[in-house]
Amino acid sequence: MQLDAAQLATGLLESAPDAIVGVSADGIIVLVNAQTERLFGYSRHELLGQPLELLVPESVRDMHPKHREEYAADPVPRPMGAGMELAGRRRDGSEFPAEISLSAIDTSDGVIISAAVRDVTERQRAERKFRGLLEAAPDAIVGVDETGVIVLVNAQTERLFGYPRSELLGLQLEILIPESARARHPKHREGYLGDPHPRPMGAGMELAGRRRDGSEFPAEISLSAIETETGLMVSAAIRDVTDQKNTQQQLREQNAELERLSKVKDSFLASMSHELRTPLNAIIGFTGTLLMGLPGPLNGEQERQLRTVEHSGRHLLAIINDILDLARIESGAVQIQLEEVDCIALVDSVASTIAPLAHDKGLELVIDIPAHPVMVKSDTRALGQILINLVGNAVKFTETGEVRVALRSTDDTTTISITDTGPGIAETELRSIFNAFERGSRINSTTKEGTGLGLYISHKLSELVGAQIAVSTAIGVGSTFTVELGSAD
Amino acid sequence: MAHLLMIEDHPHNLELMTYLLRAAGHEVTAAVTAELGLKAARECRPDLIVLDIQLPDATGFEVLDLLRLDPELHDVRVVAVTANAMVGDRDHALSAGFDGYLAKPIEPATFTRAIDSFLPSELRGHEPTPSWAGD
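So the protein lines, in turn, are chains H and R.
Sequence positions in the first sequence follow this note's numbering and run 1 to 489.
Sequence positions in the second sequence follow this note's numbering and run 490 to 624.
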């Protein structure tokens, strides 16, 4: 393919994204391209033959010929006006910020100076936006070049480290790092340059920044890298985390204290349990051996009196056990383990524990369970304790007749109800029977049974497993205590 | 009838258990510290050791470990007796390697039967009887 050089040149010129303006030695426009027309809003015949100053803002027109002459004297291809704010003037009088590069072309008619003009309005806007974000950022942003020299800071950097930016730009980054860490730091920087992806810095390391006054602060730092015309700039976002560290420390101390107190409580309960049970061992033990007749036979009165002592000893043990139970529940030492509980197995187990007591009193203990399995989500031990208490109570307070334990389940709830044929509970006492040490007057027998804590503990346990206990009663007929549980979902 | 070793430091507890077990026909050796207990175990090779968890010079668990490490004693049956009786104590004791666990206060009428359940049938005693004179 034969390329026509002239056609090619014209094609390139007309399709160039920058406005190309060629100017003769005396400042007259001799060449423009399509982009010039678009950028400045003139058609080319309006420009050709005109002085270049037409395209220059009025405010700098006077100075401009001098710049042209200076360039003509030494026409090296270079960007124009480094450090100057350049602008172009459109046909309609509006101005725009411009970037201009110059070069010179030798022609048979003399030297033509060519200016490539670019409208950098958008770029400036983007830069301003970037600057704005940077300056408003809550973290200190520090940019360093590949040698570790600070090339960029923001307002927060000045505030956080206590330096005006003029003091920081151009210094090595290590000035912002505690002396103790300075030696190692260049290595870290190199390491990052080897694989510069955005990430937090120094995972697991305790990082710190050093202020102008020498004071240090704990810091969280994230790194990223930006390609610039001058190479890679590594940017660090630095955050003062003094407050977070303090809060974390406080939390750690509080947790340690809570754990310590919990252990103290636990060991106190364990010692109490031990100390209270030990004397009772002797009391219950030796009244037992005496009543067994092991050291010798007893007369009737001796036996009677010893039975009183034994009875009291057992009563005391029951109270101690209940109080320790309660102390453990109240102190949160009772851990509820939710699991699938087989209600039928549980009811069976409770019944077999209480059955001897019922039979001793001539009472019938009836179990009423469905044919299909009934599972609930609960804590076996807690539920068992509640049932033992309720069934035991029913047996305790019923003189004749039966105690019936019925297990029922529907789609949403499962209930276990304990019905007795005892004397019933007075209306006025219904609410208070669940209180600690309230016993109610249903007992007609001469000996006061129970510790007064059973229902209270059951109530507390039911709260822990999310169950409800309801009572219904009729004087002279009996009472029904119902434990209501959710289903196994 | 078996030879039982009681390692228990509280005098009343020791007296009670020893009394009942002798009344059931067993021979009982008593030791009031872990150190004395281990010495007695090595010397008399009991059929069963009844061990208090809380001793003045060691815990019952430590004594158990030492017993299990001793090649001549590591098969001896050991029953823990403790006044702690907190939830999980039984499971903890059994998983530590105790053959049995009894809570204090003991039940005097059934204590010897409970201890017998850990002995082979030929070594078991009888129900506690007053025919034993005691001293």
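Even glycine gets a Cβ: it sits at the ideal position worked out from N, Cα and C.
Can a CB atom of chain R be found closer than 7 Å to the CB of residue 282 of chain H?
So yes, residue 282 of chain H belongs to the interface.
Check distances from the C-beta atoms of the segment 262-280 of chain H to those of chain R and list, in chain order, the residues that come in under 7 Å.
So the list reads 270, 273, 274, 277, 278 and 280, given in the order they occur along the chain.
CA-CA distance, residue 546 of chain R and residue 540 of chain R?
When rounded, the distance between both Cα atoms is 13 Å.
Between the C-alpha atoms of residue 250 of chain H and residue 208 of chain H, what's the straight-line distance to the nearest angstrom?
The straight-line gap from Cα to Cα measures roughly 20 Å.
When the Cα of residue 332 of chain H is compared with those of H:460, H:197, H:177 and H:31, which residue comes out closest?
Cα-wise, what sits closest to residue 332 of chain H is H:460.
Ignore the nearest five residues each way along the sequence and tell me which others in residue 525 of chain R's own chain have a CB closer than 6 Å to its CB.
None.
Keeping to the same chain, check which residues put their C-beta closer than 8 Å to that of residue 50 of chain H; ignore five residues upstream and five downstream.
If we look at residue 50 of chain H and ignore the five residues flanking it on each side, its Cβ neighbours are 28 and 29.
For a test of the three-state rule: what should DSSP assign to residue 311 of chain H, helix, strand or coil?
Helix at residue 311 of chain H.
How many whole angstroms separate the CB atoms of residue 395 of chain H and residue 354 of chain H, which I take to be in contact at a CB cut-off of 8 Å?
Yes, they are in contact, since the Cβ atoms of residue 395 of chain H and residue 354 of chain H sit about 6 Å apart, within 8 Å.
Taking residue 581 of chain R as the query, report the chain H residues whose CB atoms sit under 9 Å from its CB, ordered along the chain.
None at all; the shortest Cβ gap to chain H is about 12 Å.
Would you report the Cα separation of residue 530 of chain R and residue 567 of chain R, rounded to the nearest angstrom?
Each residue's Cα considered, the two are about 11 Å apart.
By DSSP, does residue 468 of chain H sit in helix, in strand, or in coil?
DSSP places residue 468 of chain H in strand when its eight states are reduced to three.
Is there at least one Cβ from chain H nearer than 7 Å to residue 503 of chain R's Cβ?
Not an interface residue.
Buried or exposed for residue 200 of chain H, please, with buried defined as at least 16 other CB atoms from any protein chain shown within 10 angstroms of its CB.
When all chains shown are included, residue 200 of chain H counts as exposed.
If you draw a straight line from the C-alpha of residue 358 of chain H to the C-alpha of residue 347 of chain H, how long is it?
Approximately 15 Å between the Cα atoms of the pair.
Using a beta-carbon distance below 7 Å, is residue 289 of chain H in contact with chain R?
Closer than 7 Å to some Cβ of chain R, the Cβ of residue 289 of chain H qualifies, so yes.
Quick check on residue 494 of chain R: buried or exposed, where buried means 16 or more other Cβ atoms within 10 Å of its Cβ?
Buried, because 16 or more other Cβ atoms sit within 10 Å of the Cβ of residue 494 of chain R.
Three-state secondary structure (DSSP) at residue 175 of chain H?
Reduced to three states, the DSSP call for residue 175 of chain H is helix.
For the beta strand (DSSP E) that residue 375 of chain H lies in, which residues bound it at each end?
Unbroken beta strand (DSSP E) run through residue 375 of chain H: 375-378.
Near residue 501 of chain H, which residues of its chain fall below 6 Å by C-beta distance, leaving aside the five closest residues on each side in sequence?
Nothing in the structure corresponds to residue 501 of chain H, since chain H is present only between 1 and 489.
Among H:76, H:26 and H:92, which residue has its Cα nearest to the Cα of residue 69 of chain H?
When only C-alpha atoms are compared, the closest one is H:26.
In whole angstroms, give me the CA-to-CA distance for residue 339 of chain H and residue 430 of chain H.
Each residue's Cα considered, the two are about 32 Å apart.
Compare the beta carbon distance of residue 47 of chain H and residue 32 of chain H with 7 Å and say whether it is the shorter of the two.
Cβ atoms of residue 47 of chain H and residue 32 of chain H: closer than 7 Å.
Step through the CB atoms of chain H and report whether any lies within less than 7 Å of the CB of residue 545 of chain R.
So no, residue 545 of chain R is outside the interface.
Which partner residues does residue 110 of chain H have in the DSSP bridge list?
In the DSSP output, where bridge partners are listed per residue, residue 110 of chain H has H:107.
Alpha helix (DSSP H) containing residue 451 of chain H: first to last residue?
Note, residue 451 of chain H: premise wrong, no alpha helix (DSSP H); not H, not E.
Looking at the secondary structure, which residues open and close the beta strand (DSSP E) in which residue 208 of chain H lies?
207-210 is the extent of the beta strand (DSSP E) around residue 208 of chain H.
Is the CB of residue 593 of chain R under 7 Å away from at least one CB in chain A?
Of the chains in the structure shown, none is chain A; the protein chains are H and R.
For residue 122 of chain H, which of helix, strand or coil comes out of DSSP?
Looking at residue 122 of chain H - three-state DSSP - the assignment turns out to be helix.
Going by DSSP, what residues sit across from residue 462 of chain R in a beta bridge?
The requested residue 462 of chain R does not occur in the structure, where chain R is confined to residues 490 to 624.
Using C-beta distances below 6 Å, list every residue in its chain close to residue 253 of chain H, excluding the 5 sequence neighbours before and after it, in chain order.
So no residue of the chain qualifies.
So, does the CB of residue 500 of chain R fall closer than 7 Å to a CB anywhere in chain H?
Output row for residue 500 of chain R: interface = no.
Can you tell me whether DSSP reads residue 11 of chain H as helix, strand or coil?
Residue 11 of chain H falls in the helix class under three-state DSSP.
Where does residue 65 of chain H fall in DSSP's three states?
Here residue 65 of chain H sits in helix by DSSP.
Hey, residue 236 of chain H and residue 221 of chain H: beta-carbon distance below 7 Å or not?
In contact: residue 236 of chain H and residue 221 of chain H (Cβ atoms closer than 7 Å).
Against chain R, does residue 454 of chain H count as a neighbour if the rule is that its beta carbon must be under 7 Å from one of theirs?
It does not; no Cβ of chain R falls within 7 Å.
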